[in-house]
Every structure is written in structure tokens, then in C-alpha cells.
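Letter by letter, the sequence shown follows residues 717 to 878 in the numbering used here. Using N, Cα and C, we set each Cβ at its ideal position, and we do this for glycine too. Since the structure comes first, as C-alpha cells, the remarks are kept for the end.
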Amino acid sequence: MDTCGLALGFQTGIKKRSVHVRLEPQSPAGVKAMPDFEMTIEVAQDRKVTALEIAPLGQSPQRLVLALDELDKLIGELGNARSTMVEGQSPPNFESDDVSISVAANTKWHIRAFPPAGALFAFYHPKFGPVGFTLPIDQIARIVSFLTERFILQPTKSGEKH
Numbered sequence: 717m718d719t720c721g722l723a724l725g726f727q728t729g730i731k732k733r734s735v736h737v738r739l740e741p742q743s744p745a746g747v748k749a750m751p752d753f754e755m756t757i758e759v760a761q762d763r764k765v766t767a768l769e770i771a772p773l774g775q776s777p778q779r780l781v782l783a784l785d786e787l788d789k790l791i792g793e794l795g796n797a798r799s800t801m802v803e804g805q806s807p808p809n810f811e812s813d814d815v816s817i818s819v820a821a822n823t824k825w826h827i828r829a830f831p832p833a834g835a836l837f838a839f840y841h842p843k844f845g846p847v848g849f850t851l852p853i854d855q856i857a858r859i860v861s862f863l864t865e866r867f868i869l870q871p872t873k874s875g876e877k878h
């Protein structure tokens, strides 16, 4: 794979995102804080690879070119790192309007029994690929009750939270 991006068919303006990241110096003792940097993410015109460029301000960028399976692995590893970082913290309050939720609408999904936990809900998220979660039987009963009440017994156009 050509890691410099030449002859890969990248075209400026096609699915390109540039991000300037300013990090506040909050590193643990003994850990050097990363300086401010710029990051560019660009998808090749044929959509077979993506290029990530990261550069501390004022320096030349380093480019990483990834195929979809490599990008999925990177996203998975970043998810593992994030999971470790938030371990022991309370999850956000989903009833708050301040919580940002990455929504996947009208996507392919699947539900199956997942003994002894209850059920596995799996769906395809365009940003993260196949994802899912399990719910115990008592939470499934709450969901069924909410859906039955809201959409079968009293069908309304309410945005009521559950």
C-alpha cells in the first residue's frame, strides 16, 4: 500500500475533514502532553482507503493510509482505549438534552435471545460498523411496555422520553 497517498486517487474536497485540536495540559505527572495539532481525514475518490494526516502545529504531517478493515480495527482499538478511560465513571444522563448521541436511522438491525442475559440487539451504524448491546429481561419488559403503551395503545406523535 502506498503510504504517501500518491496515485491513490485522493481528490481535494471529497469527504475531507480538517480538525484543529487544542489540548489543555492535563496530562498525568511524568507524561508529556501532546502539543496542539491539526488532523485531516480524507477518503479516496474510489472509497477504498482513507488517509489520516496528523501534524503538530508548524510541523510536517505524518500520513497514515488505511483500508476499511484497518480503519475498523483502529476504531475498535480506540473504543477499547475509551472504554478503559471511562471505567468506573457513571454513564451520562440520557434524559438530558446536553448528551450528544450518534444516531443511526433506518439501518439494518437484528434481535436474538442471548441467554442468560436476555436479548442481543445488534445494528449497523454507518460510523462504527456492526454494534450491539445486551439487555436483561427486566429492561426488555420495560421497553416492550413503553413501546406498547406509546405506539399501540395510545398512538401519538409525542417525543416523550422513557
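Going along the chain, which residues of its own chain have a beta-carbon closer than 6 Å to the beta-carbon of residue i, five neighbours each way excluded?
| i | result |
| --- | --- |
| L768 | I757 and L780 |
| E865 | none |
| V860 | none |
Anyone know if the C-beta pair for residue i and residue j falls short of 7 Å?
| i | j | result |
| --- | --- | --- |
| G848 | F837 | yes |
| T823 | F839 | yes |
| T766 | L787 | yes |
| P808 | V815 | yes |
Take residue i and list the residues in its own chain whose beta-carbon comes closer than 8 Å to its own, dropping the five residues that flank it on each side.
| i | result |
| --- | --- |
| Q855 | G834 |
| L790 | L782 |
| P832 | none |
| H841 | S818, A820, T823 and V847 |
| I827 | A835, L836, F837 and A838 |
| A857 | none |
| K843 | S818 and A820 |
For residue i, which residues does DSSP report across the bridge?
| i | result |
| --- | --- |
| T850 | L836 |
| L782 | T766 |
| V759 | T766 |
| R828 | L836 |
| G709 | Nothing about residue 709 can be reported from this structure: the residues present for the chain run from 717 to 878 only. |
| G845 | H841 |
Where does residue i land, buried or exposed, given buried means 16+ other C-beta within 10 angstroms?
| i | result |
| --- | --- |
| V819 | exposed |
| P741 | Summary for P741: the model assigns pLDDT 48, below 50, so the residue's position carries little reliability, and this model does not support an answer. |
| L739 | The predicted position of L739 is uncertain, since its pLDDT is 49 and thus under 50; a value taken from the coordinates is nonetheless stated next. With fewer than 16 Cβ atoms within 10 Å of its Cβ, L739 is classed as exposed. |
| L722 | The predicted position of L722 is uncertain, since its pLDDT is 34 and thus under 50; a value taken from the coordinates is nonetheless stated next. So L722 counts as exposed. |
Assuming residue i and residue j are in contact, meaning their beta carbons sit under 8 Å apart, how far apart are those beta carbons, in whole angstroms?
| i | j | result |
| --- | --- | --- |
| F753 | L782 | F753 to L782, Cβ: 18 Å. No contact. |
Counting only the same chain and skipping the five closest in sequence on each side, list residues whose C-beta sits under 7 Å from that of residue i.
| i | result |
| --- | --- |
| A829 | A835 |
| I770 | F753, M755, P777 and Q778 |
| P852 | A833 and G834 |
| K764 | A783 |
Using a C-beta cutoff of 7 Å, does residue i count as contacting chain D?
| i | result |
| --- | --- |
| L869 | Of the chains in the structure shown, none is chain D; there is only one protein chain. |
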